[in-house]
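What follows is a short report on a single structure.
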Amino acid sequence: MKVSLNALLQYITPTNLSLPADWDALHDLLEDIGLEVKRVDRDEEANNIIFTLELLANRGDHHCYKGLAREIHQRTGWPLSTPATRDLPISQDKPLADVTSEYCIGYTLTEYKRELAEVALSADKLEMIDLAGANQVSPAVDVTNFVNVEQGQPMHVFDADKIVGRVQVRDSKEGEAAQLLGEEKLTTLTEGTLVIADDVKILAVAGVMGCETSKPTEESTHLYLESGTFDPVKVRKAARALGVQSLASARFERGADPAMAVKGVYRAHELLCEAGWQVQGGLSICKAHIEKPAIVDVDLEQLNHYFSTTFSVDDIKPIYERMGSESVVVEGNVLRVEIPSHRQWDLKNATDLYEEVARAVGYNALPSKMPASASGARASAFETRLNQVEDILVAEGFYEIFTDSFYSDQDVARLGIQDEAHPLAQHVRINNSETKAYSLLKNNNIVQALDAISANFRVKSQEIQVFERNKRFVPDQTAPNGLCHELEVIWGLAVGQAVERNWQNPGRDFDVFFLKGIIERMGVKLGLELRITPEATEQTHAYFDVLHPKRRALVEVQLADGWKVCGVIGEVHPKLMKPFGLKSVRPYFFEIEQGLLKLEPQTRPYKAPSTILPVKRDLCFGLYQQQEAGYIADWMTQSSPWLDSVEIADLFIPAVEGGEEPVRAVTFSLMLDPVLAGKDVFSGAEINDEIERLAQGVIEQFGEDKVKRR
Amino acid sequence: MNELDLNSDAMKEVAEQQSAFTQTLEQTEDLKALEALRVSTLGRKGWVKKAFDLVKKVPGEQRKAVAQHLNEMKSSVEAALDQAEVRIATQAIEKQVESEWIDWTMPSTMDTQGALHPLTIIERNCIKVLQQLGFEVVEGPEVETPFHNFDALNIPEHHPARDMQDTFWLQDNFLLRSHTSTVQIRALEAAKAEGRDLPLKIVAPGRVYRNETVDATHLACFHQFEGLWVDHDVTFSELKAVLEFTVREIFGDAWELRFKPKFYPYTEPSIGIDIRLKDQDGQGAGKWLTILGAGMVHEHVFENTGFDPKTTKGFAFGLGVSRIVAMAYGVESMRSLYESDLRVHQRLSVLGNA
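As structure tokens, this is what we get:
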């Protein structure tokens, strides 16, 4: 709300400030009572300050100069000034309107005529209207806008000569339409909209906007002045449905003062008379607001406990009186406070009235008291384990990023998933997104991972290691909420060099084994048995079709009832590079479920090293393509009780000759422990026999078409 | 043959050999040549040994003096050799050191570390502070119901406050939560269902969503940080004390803070905290920045979650984590923190401000 300081000073007189010189003090005061000053413009020529206030959403009464002055008065006690009003008789005739809607809280019409030309409002009043964002229309219309800006009572004027039959305040019927102000076409109203109508047409949407068909013009000489109070929700619904917000609707939506439907007319009457209008008859009260003021009890003892204060009745009672309460009855420790009509919408209980005391005293002046039960808490196991995983990633060069939780249909189409039943084709859709870019909740992290590469390549950043802790949304009607699972995951992506190229060495590119190391390190840190399962045979993963078919694997965790899939690892499928605008790049990706961090660490017994010198022997096999070396190592470990460990020590890929199937030469380092064999020492023959037995066993176990001895 | 004495020709020749030795020694500049000189001087075939052979030929009355002279000469030679060894070793190290100049302006060769996101760092700092007071971290769903996002928080349908949070609506009347206050409701519901004893002290960090046009300061997806303390008797003065402690622990004593009235539908009364830097005299200077919103939990919130507001009190607060990041790191574009441009993250990671 834009406010003129000079105008405000017409309604309240500071007794200890000289304005505008002491503006800073007033500025601090305004902020301290909840009137937040967002902008200050000094008008040196007019010796004035125009300031913009951000008003509290529950304080409709602040939306006028009178309300602002009243709020300042409650804190300071500075004297308020009452603008001139003019008495008006209450008409005893049949009311000018029939009110049939329960959503109309109070309603009056007052008839005016003129014979002479209208007289415009004074310049300072027009400036107040202008600052409020309303246009200067005609003196009569300007009076209604001015009373709204000054008193907080929205009003409206109809050209009475354009009204056919009786005025009615009612709910609209199905299919009814209105030609709103400034519109050429009729707008069909939602059935049940609160309207002002005559016998043949809609005159106004109550509390929102008038209609072209009843608006006064320069030629109008006969008016109905409307002053009423309408249900806030009803007004709000109508304004939303019509897509408009007027000065009146902004005020009614926040709850207008029902008493002002009548009181406001006296102020308007004064101004209309000044403008050249003569009242006909008197004020026609078509629906009177007859609700009794609410009484709220404030227990002083409880209030003092709440604030840790020692206020007395004499401290508190004047605050409620300055608030506008016409009756504060003291009964022992209890103050029975009559709620003023302008606060009936936001003051409902004792706590609301505590707040009035706090604002009148100032929150900064109230004491603080640390709770007795402020003892410390430890980080949860989940938080600790999350930190451990993050530490691993950060130490290995990963940066944490945040990506959006949504993307567009076009974004996800780049994955090339044709099958509508594919898990990556299933999405939760956003119905009302401001932009098409946010039309789907994401069900995968691949799209944004690849976009992260593109974004960095564009700015010549070639080395990319990122990770994110987030959720992806997997539609599932059997989910607890009946819509989707929120799958909590940690994903990471590596592109470029695992060992950075520098002036001393040429560096080394990332590969899946780097990510495998990350996963293994997580397993060690978390105390979990994690394994990489190269090709899913029984279980698959939603990401498998967007990962390199020969370089993708499941991450599995060992639970009491067996191994369970908890993630995926691999190289992103080369076919996705072009759709994402990438060339000559091999992105490596992993994703693990955060559920891992909630698992209890598994106990691992300490295995003491041998007290007798172990024996080391190398064994080399030629492996045909797609025979995993790790499985051979596992088999040997399980097949010889003498073995302390089997490690894959070397890999050699000979040049392909004559179209023969390529063979990888893999050297296994076998560590044999005499203690495990129940011996003090191995003889040379024993060792040779055991190595030979293992070598033969491998051939027999895996087959000559897969393995050959070298 | 002349009779041998100190003045004999033989002894003069020894003196000349010593003189030649001294000259050679001065010119010797490596340990290998020094060793050769040592052998040719003090070895079995060296001239010193030969000089001592002359002693036998010296008449008795002169022998002692000649022997003494030769012993002194030998000691002198040995000392000179030792000194030369030290000199040569020192020179060698000096030469080596001189030749091993490096260019310290070349970059380090250690692989660089990554970094947590600045928002995470700030969030963790806040959590640590609040854990001192017994707060525990709780998370909640991002796909929510209107009840948890609005109604339970005292924001009924058609309340103006619903306009303050433009909402992403999903199918089947679900929505993306527009604030982390939903976790308050979830936590209260869970506490009620599980019959947990009060107090309930939780912090709920997480993502929230607003259906807004994105620009430098408005994001469709960003982070909030919520706190809730519920017990049978919680007072406003305790809310003030907890917030003062929290803000001072996070920001330090260099900042002045103030409370001011605010409105949130789910708290009554509602307050905000502004902070500004103090100047050298400890007085407030500069612009106030709002970093926190808070208030006493509205009784409707307790009613909506099954608690009796007469016997259950509490307060809630929400920290503007993004605002704190902007202050701590000097980031003007919040949007840049939600993009994947690693240059931003690399540059922030070396500031060490948080």
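These protein sequences, in sequence, are chains A and B.
Here the first sequence is numbered in the numbering used here, starting from 5 and rising by one per residue.
Here the second sequence is numbered in the numbering used here, starting from 35 and rising by one per residue.
For glycine and all other residues, C-beta sits at the position ideal for the given N, C-alpha and C.
- Shown here, A/Gln631 sits in coil according to DSSP, grouped into three states, outside any helix or strand.
- In this structure the stretch 119 to 135 of chain A does not touch the stretch 243 to 250 of chain A; the number of beta carbon pairs closer than 8 Å is below three.
- Boundaries of the beta strand (DSSP E) harbouring A/Gln501: Gln501 to Val503, taken from the DSSP string.
- Boundaries of the beta strand (DSSP E) harbouring B/Met330: Leu323 to Val331, taken from the DSSP string.
- Relative to the Cα of B/Val171, the nearest Cα in the group A/Ala385, A/Pro538 and A/Met5 belongs to A/Ala385.
- Among the residues of chain B, those whose CB is under 8 Å from the CB of A/Ser409 are Glu176, Leu210, Arg241, Tyr243 and Cys255, following chain order.
- Rounded to whole angstroms, B/Asp375 and A/Ala456 show a C-alpha spacing of 7 Å.
- DSSP places B/Phe208 outside both helix and strand once states are collapsed to three, so it counts as coil.
- The three-state reading of DSSP puts A/Val44 in strand, counting E and B together.
- Among the bridge pairs identified by DSSP, B/Phe256 is matched with B/Val242.
- Distance between A/Gly585 and A/Ala459, taken at the CA atoms: about 10 Å.
- Closest option to B/Leu277, judged by alpha-carbon separation, among B/Gly320, B/Glu260 and B/Pro239: B/Glu260.
- The continuous beta strand (DSSP E) containing B/Thr301 extends over residues Thr301 to Leu311.
- The C-beta of B/Gly316 has fewer than 16 other C-beta atoms within 10 Å across all chains shown, which makes the residue exposed.
- At least 8 Å separates the beta-carbon of A/Pro578 from that of A/Val499.
- Under the rule that a run must span 4 or more residues, the alpha helix (DSSP H) segments found entirely inside the stretch 127 to 204 of chain A read 127 to 135 and 143 to 155.
- A/Glu690 and A/Gln705 have their C-alpha atoms some 22 Å from each other.
- Close to chain A, meaning a Cβ-Cβ distance shorter than 7 Å, are the following residues of the stretch 217 to 239 of chain B: Pro233.
- Using a C-beta cut-off of 8 Å, the stretch 525 to 535 of chain A makes no contact with the stretch 478 to 487 of chain A, since fewer than three inter-stretch Cβ pairs fall below that distance.
- Not flagged as an interface residue toward chain B: A/Glu533, since no C-beta distance is shorter than 8 Å.
- When the alpha-carbon of B/Met107 is set against those of B/Gln218, B/Thr124, B/Leu71 and B/Thr56, the nearest one is in B/Thr56.
- With a cutoff of 8 Å on beta-carbon distance, A/Ile596 and A/Val493 are scored as near each other.
- Distances from the CA of A/Ser412 to each of A/His426, A/Arg433, A/Leu397 and A/Leu39 were compared; the closest alpha carbon is that of A/Arg433.
- Taking a C-beta distance under 8 Å as the contact criterion, A/Val300 and A/Ala354 qualify as a contact pair.
- Counting C-beta pairs closer than 8 Å gives three or more between the stretch 212 to 228 of chain A and the stretch 157 to 176 of chain A, which meets the contact rule.
- Across the structure, A/Lys373 and A/Val333 are spaced so that their CA atoms are roughly 31 Å apart.
- Taken through DSSP and simplified to helix, strand or coil, A/Val237 comes out as helix.
- Between the stretch 298 to 306 of chain B and the stretch 323 to 343 of chain B, the count of Cβ pairs shorter than 8 Å is three or higher; the stretches touch.
- Flagged as an interface residue toward chain B: A/Met374, by a C-beta distance shorter than 8 Å.
- Per DSSP, reduced to three states, the secondary structure at A/Gly599 is helical.
- Sequence-ordered contacts of the stretch 80 to 108 of chain B with chain A are nonexistent [C-beta pairs closer than 7 Å].
- By the criterion of at least three beta-carbon pairs nearer than 8 Å, the stretch 274 to 290 of chain A is in contact with the stretch 110 to 125 of chain A.
- Within the same chain, Cβ atoms closer than 8 Å to the Cβ of A/Leu491 are found at Lys475, Arg476, Phe477, Val478 and Glu597, the five residues on either side in sequence being excluded.
- Using beta-carbon distances, A/His309 counts as an interface residue toward chain B, with a partner under 8 Å.
- In the structure shown, the three-state DSSP call for A/Val432 is strand.
- For A/Trp27, the three-state secondary structure derived from DSSP is helix.
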